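A.B. asks: Residue numbers (UniProt numbering), protein chains in the order written: chain W, 1 to 416; chain C, 1 to 369.
Cβ coordinates follow ideal geometry from the N, Cα and C atoms, glycine included.
Predicted, not measured: the structure shown is a model, and the values here were computed from it.
Take a look at the structure:
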C-alpha cells in the first residue's frame with residue numbers, strides 16, 4: 001500500500017471507527033460515572049476549595065467596604081485623605097452594629113500584630129460618626145496607630161479579593177510597607193524549616209523502606225508459591241490493624257521503660273535507658289514500619305516479571321553474580337523502585353498521626369501545622385496555603401516520576 | 001585454546017557416572033556416561049522429562065549433579081560456578097536482556113570480561129554482520145520478531161568464542177518455516193566456525209537435520225548415541241525405533257534364531273523373518289519394527305513367494321503432497337502405515353484386501369513394547 005492511498009482513506013476510516021466505538025465508550029463512561037461523581041465531590045471539590053482558600057481574602061472587604069473603596073485611589077506614600085478616615089469611621093460603626101468587627105480584626109492581626117487591639121479600641125471608643133472634616137483627628141486621638149502609614153497599608157493589602165499573603169507566609173516571606181517581598185521576621189519564619197524537615201524525614205523513611213523492602217521483595221518473588229504466599233501475608237498484616245494501634249505499639253516498645261530498653265538493660269548493654277521515642281529516631285522507625293508494604297508490593301510486582309532466565313543468561317555469558325545483579329537484575333527493577341519510592345515518599349509527606357504520637361516538638365511535619373491552623377486557630381488561609389505548597393511539591397515530584405517512567409517505556413522493552 | 005588440549009584428550013566434555021535427583025527419591029538422570037568430541041554437533045533428543053534438559057543444565061552449571069563428575073577438557077567442573085565455565089548458552093525463550101539494545105546485549109559477554117572498548121565494538125559489529133542485523137543494532141529486543149531475537153541470542157552466545165555452545169530448544173517458539181531456515185543457519189555457523197555445539201530438542205526431525213551425533217534420552221537413560229542415519233537404520237531398541245522416524249510395530253514371539261536372523265510368529269497370525277537385534281532368544285516375545293517406506297503393497301491373488309508376505313486390509317489412504325500413506329490393518333495392527341508414491345493411492349479402495357511384503361533386513365526384532 002502506498003502512503004498516498006493511506007492518507008486518502010484515513011479520515012473516513014477514523015470517523016467510522018469512532019462511530020463504531022461510540023456505544024462502547026458510552027457504556028464505559030456509564031460504568032465509571034458513579035466514581036467520577038464521587039471523586040468530584042470528595043476529592044476535586046475539597047482540593048479546589050483548599051486552593052481557593054489559600055488566596056481568598058474577603059473578610060476585610062466584607063466588613064470595611066467603604067474604607068477599601070476609598071483606599072483604592074490611595075497612592076500609599078502619605079497618610080490617606082480625610083474622606084478615607086470618614087469611610088473607616090462609618091464602616092466601624094456599621095460593623096459594631098452587626099457584630100462583625102472581630103472578623104476583620106482577626107484577619108488584620110495576621111498581617112500586623114496588635115491590629116486587633118487597634119480595631120477593637122477604635123470600635124469601643126468611637127461613640128458616633130465624627131463631624132465632617134474631623135474624622136482624621138478623632139480617629140488619631142482614639143488610637144495613634146491611625147496616624148501611621150503601615151496601619152493603612154495593612155488594610156489596603158488585606159482588601160482582597162485575592163491575596164498572596166498566606167502563600168508568602170507559608171514560604172516564610174512577607175511584604176513590607178512598600179509592597180516588596182522580603183523575608184519574614186525570624187520569629188514567624190518557621191515553615192521553610194518545617195518543609196525541609198518534612199522532606200528529610202520522608203526521604204529517610206523512603207530510603208529505609210527501600211533498603212529493608214528490596215531483599216524481602218526479592219525473596220517473595222523467588223520463593224516457591226506456597227512459601228511466598230505465607231510471607232506475603234506477613235507483609236500485608238500491618239494493613240489489617242489500624243494505624244493508631246500500630247503507632248501505639250511502637251510507644252510501648254520504644255519508651256524508656258519499654259520492651260526494647262528493658263531488654264537492652266537486662267542484657268547489660270546499656271545502663272541508662274536510650275531515648276528511642278519522642279525524637280527523630282522514633283518517627284522514622286514507626287513510619288518505616290507503616291509504609292514498608294507500599295514499597296514491597298511495587299518492588300515485588302516488578303521483580304515477579306523478571307524471568308530467572310535473565311540471571312542464568314548473564315551467568316552463562318560470564319558475569320559473576322554481583323555483576324549480573326547490578327547490570328541485569330537491578331536495572332529491570334528500576335520501575336518498581338521508582339513506583340515504590342514515589343508512593344512511600346508522597347504518603348510520608350502527608351503523615352500526621354505517627355509524628356504527632358511518637359515525635360518530639362522538633363519532629364512535627366507540615367501536616368501537624370496544617371491541622372493546627374484548621375482545628376485550633378481556625379486560620380484557614382494559612383492552613384490552605386501550606387497545603388497548597390505541599391500539593392505543588394507532590395505534583396512536581398509525580399511529574400518528574402512520570403517523565404522518568406515514560407522514558408523507561410519508550411526505551412526499555414518491558415514488553416517481551 | 002588451552003595448551004592442555006594438545007595432549008591426547010578423548011573428549012572435550014565427559015560425563016562420568018552422573019546421577020541427578022531433585023526430590024531424593026527418583027532419579028531424573030540415571031548413571032549418565034557421555035563423551036562429547038571437540039568440534040562436533042551433538043543433540044540430546046528425548047521426550048519431555050527424559051533428563052536431557054537436566055543434563056544440559058548440569059553442563060552449564062545451573063544444576064549440580066547428585067553423583068558423578070563432569071570434565072571439561074581435563075578439568076572437573078562439577079563445582080565450578082557457571083560464569084567461570086566459558087560455555088555459551090542459547091535459551092529456549094532467548095533471554096535477551098530487555099533493557100539493553102541489541103548491540104549492548106551482544107557486547108555484554110565481552111564487557112564483563114573486561115575487553116577493551118574498541119575491541120568490543122569491532123567484535124559486536126562482526127557478530128551483527130554474521131547474523132545480518134547491522135541496521136538493528138540500536139533496537140530493543142522487544143521490537144524484534146522471534147526469529148531476529150533468536151539470531152541475536154545466537155550471536156551473543158558465540159561472540160566471546162566459548163569452547164562450547166549449549167542450545168536449549170532454541171527454535172521451539174518459532175513457526176515451522178522459520179524453524180527450518182534457522183536449523184540450516186545454525187548448521188552453517190557450526191561448520192564455518194568449527195565450534196562444539198550441544199543441542200537439546202524433543203523434535204526428532206530437527207535432530208536428524210542438524211546433528212553429527214544424537215544421544216536419545218528416555219527415562220533418565222541414554223538409549224543410544226549414534227549418527228543420525230545409524231539411529232534410523234540400526235536402532236538398538238523399540239524406543240529408539242519408535243522415536244526416530246515413522247515406524248510400524250507388530251507384536252510376536254520368537255520361534256527360532258539363526259545367527260543374526262530369527263523367525264517370529266506374529267500375535268495376529270502369520271510368520272515373518274526378521275533381523276535379530278534385541279531379543280533374548282527363542283520363546284521370547286518381541287516387537288517387530290518396519291519403516292513405512294520399506295514396505296511394498298502387492299495386489300491380492302498375485303503370485304510371489306517372498307519370505308515376508310502378510311495379508312492386509314486397506315483402511316484409508318492419506319494424501320500428503322510429496323507422498324501418500326496407506327493405512328492398513330496387518331496382523332491385528334489397525335494403524336499399519338505404508339508409504340506410497342503420490343498417485344498410487346488411487347489404486348487402493350477402502351476395504352480392499354491386499355498383501356504387503358518387506359525384506360527381512362528391513363524388519364527388526366526388538367524388545368517388546
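(1) Is it buried or exposed for residue 239 of chain W, if we count other Cβ within 10 angstroms and need 16 for buried?
(2) To the nearest angstrom, how far is it from the Cα of residue 3 of chain W to the Cα of residue 17 of chain W?
(3) Closer than 7 Å by C-beta to residue 200 of chain C: which residues in its own chain qualify, once you throw out the five before and the five after it? Chain order, please.
(4) I'd like the list of long-range same chain contacts for residue 35 of chain C, defined as Cβ closer than 6 Å, with 5 residues on each side in sequence excluded.
(5) Give the straight-line distance between the Cα atoms of residue 137 of chain C and residue 102 of chain C, rounded to the nearest whole angstrom.
(6) Round the Cβ separation of residue 357 of chain C and residue 309 of chain C to the nearest angstrom and send it over; I've been treating them as touching at under 8 Å.
(7) Measuring alpha carbon to alpha carbon, tell me which residue in C/18, C/275, C/125 is nearest residue 59 of chain C.
(8) Got a sec? Which residues, its chain only, sit under 7 Å from residue 262 of chain C by beta carbon, not counting five neighbours each side?
(9) Nearest CA to the CA of residue 364 of chain W: which residue from W/383, W/336, W/194?
(10) Could you give the residue range of the alpha helix (DSSP H) that holds residue 202 of chain C?
(11) Just verifying my parser: in three-state terms, what is the DSSP assignment at residue 22 of chain W?
(12) Is the distance from the Cβ of residue 54 of chain W to the Cβ of residue 166 of chain W below 8 Å?
(13) Quick one, are the C-beta atoms of residue 359 of chain W and residue 282 of chain W less than 8 Å apart?
(14) Going by alpha carbons, who is nearest to residue 152 of chain W out of W/23, W/56, W/119, W/234?
(15) What first and last residue would you give for the beta strand (DSSP E) that runs through residue 329 of chain C?
(16) Could you tell me the alpha carbon to alpha carbon distance between residue 191 of chain C and residue 212 of chain C, rounded to whole angstroms?
(17) As an exercise, report each continuous alpha helix (DSSP H) stretch of at least 4 residues that is fully enclosed by the region 68-120 of chain W, in chain order.
(18) Got a sec? Which residues, its chain only, sit under 6 Å from residue 71 of chain C by beta carbon, not counting five neighbours each side?
(19) Got a sec: is the Cβ-Cβ distance from residue 123 of chain C to anything in chain W below 8 Å?
(20) State buried or exposed for residue 263 of chain W, treating a residue as buried only when at least 16 other CB atoms are found within 10 Å of its CB.
(21) Can you name the residues of chain W whose CB is closer than 9 Å to the CB of residue 112 of chain C?
(22) Taking Cβ-Cβ distances shorter than 7 Å, what residues in chain C pair up with residue 355 of chain W?
(23) Answer with yes or no whether the minimum CB distance from residue 300 of chain W to chain C is below 8 Å.
(24) Is it right to say residue 350 of chain C is buried, meaning 16 or more other beta carbons lie within 10 angstroms of its own, or is it exposed?
(25) Helix, strand or coil, according to DSSP, for residue 7 of chain C in the structure here?
(26) How long is the line joining the alpha carbons of residue 7 of chain C and residue 161 of chain C, rounded to whole angstroms?
(27) To the nearest angstrom, how far is it from the Cα of residue 44 of chain W to the Cα of residue 34 of chain W?
(28) If contact is defined by three or more beta carbon pairs under 8 Å, each pair taking one atom from either stretch, is the region 209-220 of chain W in contact with the region 339-346 of chain W?
(29) Give the DSSP-derived three-state secondary structure of residue 94 of chain C in the structure shown.
(30) Using the Cα positions of residue 394 of chain W and residue 114 of chain W, report the straight-line distance between them to the nearest angstrom.
(31) Which residues in the same chain as residue 233 of chain C place their Cβ atom closer than 7 Å to its Cβ, once the five residues preceding and following it in sequence are excluded?
(32) Given 8 Å as the limit, is there contact between the region 167-175 of chain W and the region 381-400 of chain W, that is, 3 or more CB pairs closer than that?
(33) Are the Cβ atoms of residue 202 of chain W and residue 112 of chain W separated by less than 8 Å?
(34) Can you grab the Cα-Cα spacing for the pair residue 217 of chain W / residue 289 of chain W, in whole Å?
(35) Are three or more beta carbon pairs between the region 116-136 of chain C and the region 327-339 of chain W nearer than 8 Å?
(36) Out of C/47, C/248, C/142, C/194, point me to the one whose CA is closest to residue 339 of chain C's CA.
C.D. replies: According to the data block:
(1) exposed
(2) Model confidence at residue 3 of chain W stands at a pLDDT of 47, short of 50, so the residue's coordinates are unreliable; what they give is reported in the following sentence. Whole-angstrom Cα-Cα distance: 20 Å.
(3) 44, 52, 53, 56, 167, 168, 169
(4) 11, 14
(5) 5 Å
(6) 5 Å
(7) C/18
(8) 254, 256, 274, 276, 279, 365
(9) W/194
(10) Looking at the DSSP string, residue 202 of chain C is not in any alpha helix (DSSP H), and its letter there is neither H nor E.
(11) helix
(12) yes
(13) yes
(14) W/119
(15) 324-330
(16) 11 Å
(17) 82-98, 101-111
(18) 14
(19) no
(20) exposed
(21) 314, 317, 318, 319, 320, 323, 324, 327
(22) Within 7 Å Cβ-Cβ: nothing; residue 355 of chain W doesn't reach chain C, min ~38 Å.
(23) no
(24) exposed
(25) Low local confidence applies: a pLDDT of 42 at residue 7 of chain C is under 50, so the model's placement there is unreliable, with the coordinate-based value given in what follows. Residue 7 of chain C: coil per DSSP, three-state reduction.
(26) Confidence is the limiting factor: at residue 7 of chain C the pLDDT is only 42, short of 50, which leaves the residue's position unreliable and the question unanswerable from this model.
(27) 14 Å
(28) yes
(29) strand
(30) 36 Å
(31) none
(32) yes
(33) no
(34) 15 Å
(35) no
(36) C/248
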